[in-house]
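K.L.:
What follows is a structure written as structure tokens; I'll ask about it next.
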Amino acid sequence: MKQAIDNFSKQADTYKVSRPTYPQALYDFLLAQCPSRATAWDCGTGNGQVAMALADHFELVTASDLSGAQLAAAEHRPNIRYIESRAEHTPFPDHAFDLITVGQAAHWFDMAEFSREAKRVGKTGGHIGIFGYGLMRIDAATDALVWELYEEVLGEYWDPERRIVEGGYQELEFDFPELETPTDFAIADTWNVDRLLTFLHSWSATQKYKDAHGGEDPVNGVEARLRSLWREETKEVQFPVFLRLGNIE
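Straight run, no breaks: the sequence shown in my numbering ends on number 249.
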């Protein structure tokens, strides 16, 4: 089995406040596939963002993550049950869930093992959706500075799995009968420069760089230039969102 990777416990609080929010259109599409909405499992839930959205529509949402620190930072609702567990082996009963979701986490999984587990715990006729987002786009000058940090400074500190995200999960093993999905989902938001810097600090590669360089912060290399470029402005930020959706048979 693939070794479990926990890249976010050290910066769980930063990760929580910096994560982009998936668009309602994504959830609307997923919900439209689910006539039965008794139970959902959000796997790799992190701080519970997706679980919170699903809780508005399902009677019970089970949300699991490998990171206890992430779960400790998650928000709670009466109909959300948080469990610390690997994705590939869970304590859930057979045929328990109408919908299984994985947001920006499937690239860390042993997908062969996870697929077997999802087929076991998913209800026949249910669905599984794995989704995520690529690198944000803001404007040409900002994008160039972000790319400098992302690739030139942090390139060697990204796990190989990051390249799966860059490919929109198309190279990810997905052993389910697949449904056609929209390709125009996007996260759109308005950020100031401090919001952007917080997001850059939340990257797993940023933490790995700091660990390797005695705490030296790689974001410092672009912060002054970003502040000079943005000043007091807010800017429109967009992240491309990708989705693969399958039937559970």
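By construction, the Cβ of each residue, glycine as well, lies at the ideal position given by its N, Cα and C atoms.
Assuming contact is defined by CB atoms lying nearer than 8 Å, are residue 243 and residue 131 in contact in what I supplied?
P.N.:
Yes, they are a contact pair.
K.L.:
What whole-angstrom Cβ distance do residue 241 and residue 133 have, given they're in contact under 8 Å?
P.N.:
Their Cβ separation, rounded to whole angstroms, is 5 Å, which keeps residue 241 and residue 133 in contact under 8 Å.
K.L.:
Is there contact between the region 164-177 and the region 210-217, where contact requires at least three CB pairs shorter than 8 Å?
P.N.:
Contact between the region 164-177 and the region 210-217 is absent, because fewer than three Cβ pairs lie under 8 Å.
K.L.:
For residue 98 versus residue 38, is the C-beta spacing smaller than 8 Å?
P.N.:
Yes; because the gap between Cβ atoms is below 8 Å, this pair is in contact.
K.L.:
In terms of residues, what are the limits of the alpha helix (DSSP H) holding residue 220?
P.N.:
Its alpha helix (DSSP H) spans residues 220-230.
K.L.:
Please tell me whether residue 40 and residue 90 are closer than 8 Å, where the distance is taken between their beta carbons.
P.N.:
No, the pair does not count as a contact, with Cβ atoms beyond the cut-off.
K.L.:
Hey, out of 103, 92 and 159, whose CA is closest to residue 48's CA?
P.N.:
For residue 48, the nearest C-alpha among the options comes from 103.
K.L.:
Applying the 10 Å Cβ sphere with the 16-neighbour rule, what's the burial state of residue 107?
P.N.:
So residue 107 counts as buried.
K.L.:
Please report the residue range of the alpha helix (DSSP H) in which residue 207 lies.
P.N.:
First-last of the alpha helix (DSSP H) with residue 207: 204-212.
K.L.:
What is the DSSP secondary structure of residue 49, reduced to helix, strand or coil?
P.N.:
Residue 49 falls in the helix class under three-state DSSP.
K.L.:
I need the boundaries of the beta strand (DSSP E) containing residue 63, first residue and last residue.
P.N.:
Note, residue 63: beta strand (DSSP E), 60-65.
K.L.:
Unbroken beta strand (DSSP E) runs of length 3 or more, entirely within the region 146-207: which are they?
P.N.:
Segments of the beta strand (DSSP E) lying fully in the region 146-207: 186-192.
K.L.:
Assuming residue 226 and residue 124 make a contact with CB atoms under 8 Å, what is their CB distance in whole Å?
P.N.:
The pair is not a contact, with the Cβ atoms about 50 Å apart (cut-off 8 Å).
K.L.:
Output the distance between the C-alpha atoms of residue 127 and residue 57, rounded to the nearest integer angstrom.
P.N.:
If I take the Cα positions, the gap works out to 15 Å.
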